[in-house]
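Taking this note's numbering, the leading residue of the sequence shown gets 78, the next gets one more, and so forth. All C-beta atoms in this analysis are idealised placements derived from N, C-alpha and C, irrespective of residue type, glycine included. The structure displayed is predicted, hence computed values, not measured ones. Data block below; observations after.
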Amino acid sequence: MQSVDPGIRSESVCFPFTPSQTARELLFYPTWCGHYYCTANYFMKRDSYPPLLIAYIRKGRFRVEYRGEFNVAEAGDILLLDCIEPHYYHAEDGLEFVYMHFEGSNARELCRRITDRHGWLIRRDNNTLIGNLLYDMVRFYDENGVETDMQRSARIYRMFDLLLSPSAAEQSADTPVEQAIQYIRSHIGQPISVEELASTVCLSASYFAHMFKRRTGFSPADYVINSRIERAKVLLVRTQKPIAEIAEEVGYSTSGSLINLFVKKVGTSPRQYRIQHMSKAIDAVCKTDVPFIDTDVPEL
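Rendered as structure tokens:
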């Protein structure tokens, strides 16, 4: 169908969606998608609109005001807006973009996680892949394609996967965050402070902590704790070491410190976790007639 918004040229298309109740309760789901060719007369100003918006700029420039900031999106850029917040965007003549409005369970929280990390105007190597997914979606429906709610939802999950994944450049670079993570893994049994981690990558503690959380979603302290808990899980299941010895191996001076954190993070005690997961491992071995071997594993 064609948009009736002013400033949208006749070759533009857009498609509405009506999700099922199951999709509304459990999935991410699109409410609109489209491919717009714009004149300078196209604009949108809203105090609030329930769906979120992801848009990929194919050509031209898009002036956007959102969260107290003004930016100009250009070819190759992605916009990710929670439209429930006030927003205003205005096309320059010649703008072309593909977009999708969407909602769903935890979509708003996940959107905020991404914008906290990358901002709402996103410029990353993965942008082209996301733009292709949006373009393919619009073309699919322009050719009268039919999909299930789950298939539509899978499109959105794929876009979020790309938004959350490190780009090729980020993966190839030995960044300060990656260096710090390697340091944590190799010193998991020793005291580790934010200041110590920052010094290993030659950054101030405050700047490093901000960078680390933006990259991983965790503060350095939380990441260290989670790494210790994950290492303890492995040792509980794959060895017969006493809990006090495991506690020391993952950086805690007493078994009580490990037990308290383990219960808080995992919801069960180390002893209960060992019993539950050892029994599952033995059951699996019995079913496959493979002898169970008690062995240690390499460091995380």
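C-alpha distance - residue i paired with residue j, whole-angstrom precision
| i | j | result |
| --- | --- | --- |
| residue 115 | residue 215 | 17 Å |
| residue 94 | residue 316 | 53 Å |
| residue 313 | residue 341 | 17 Å |
| residue 119 | residue 240 | 27 Å |
| residue 136 | residue 151 | 7 Å |
| residue 282 | residue 276 | 8 Å |
| residue 261 | residue 305 | 9 Å |
| residue 270 | residue 298 | 7 Å |
| residue 352 | residue 335 | 17 Å |
| residue 36 | residue 189 | Residue 36 lies beyond the range of the chain shown here (78 to 377); nothing can be said about it. |
| residue 217 | residue 89 | 15 Å |
| residue 84 | residue 164 | 18 Å |
| residue 233 | residue 243 | 18 Å |
| residue 257 | residue 273 | 10 Å |
| residue 206 | residue 347 | 43 Å |
| residue 253 | residue 194 | 16 Å |
| residue 310 | residue 350 | 8 Å |
| residue 101 | residue 354 | 35 Å |
| residue 173 | residue 197 | 19 Å |
| residue 109 | residue 344 | 41 Å |
| residue 263 | residue 286 | 19 Å |
| residue 126 | residue 191 | 20 Å |
| residue 208 | residue 268 | 45 Å |
| residue 82 | residue 99 | 31 Å |
| residue 141 | residue 284 | 28 Å |
| residue 223 | residue 288 | 43 Å |
| residue 229 | residue 107 | 7 Å |
| residue 279 | residue 326 | 27 Å |
CB contact flag (residue i, residue j, <9 Å)
| i | j | result |
| --- | --- | --- |
| residue 200 | residue 155 | yes |
| residue 212 | residue 143 | no |
| residue 333 | residue 266 | no |
| residue 176 | residue 113 | yes |
| residue 92 | residue 179 | no |
| residue 170 | residue 117 | yes |
| residue 147 | residue 168 | no |
Beta-carbon contacts of residue i that lie in its chain and below 7 Å, excluding the five residues immediately before and after
| i | result |
| --- | --- |
| residue 97 | 226 |
| residue 26 | No answer is possible for residue 26: the residues shown for the chain start at 78 and end at 377. |
| residue 338 | 302 and 306 |
| residue 235 | 210 |
| residue 124 | 163 |
| residue 103 | 182 |
| residue 294 | 190 |
Residues of its chain near residue i, where Cβ-Cβ distance is below 8 Å and the 5 sequence neighbours each way are ignored
| i | result |
| --- | --- |
| residue 185 | 129, 159 and 161 |
| residue 204 | 133, 153, 154 and 155 |
| residue 331 | 321 and 324 |
| residue 318 | 312 and 326 |
Beta-carbon contacts of residue i that lie in its chain and below 6 Å, excluding the five residues immediately before and after
| i | result |
| --- | --- |
| residue 296 | 290 |
| residue 121 | 166 |
| residue 292 | 254 |
| residue 87 | none |
| residue 149 | 138 and 140 |
Taking only runs that begin and end inside the stretch 111 to 143, name each unbroken alpha helix (DSSP H) of 4 or more residues, in chain order. Segments of the alpha helix (DSSP H) lying fully in the stretch 111 to 143: there are none.
Alpha helix (DSSP H) runs contained entirely in the stretch 206 to 263, provided each spans 4 or more residues: As for any alpha helix (DSSP H) of minimum length 4 sitting wholly inside the stretch 206 to 263, the runs are 226 to 241, 245 to 249 and 253 to 263, ordered along the chain.
Whole runs of the alpha helix (DSSP H) within the stretch 277 to 331, excluding any shorter than 4 residues: Counting only unbroken stretches of 4 or more residues, the alpha helix (DSSP H) elements lying wholly within the stretch 277 to 331 are 282 to 293, 297 to 315 and 320 to 326, in sequence order.
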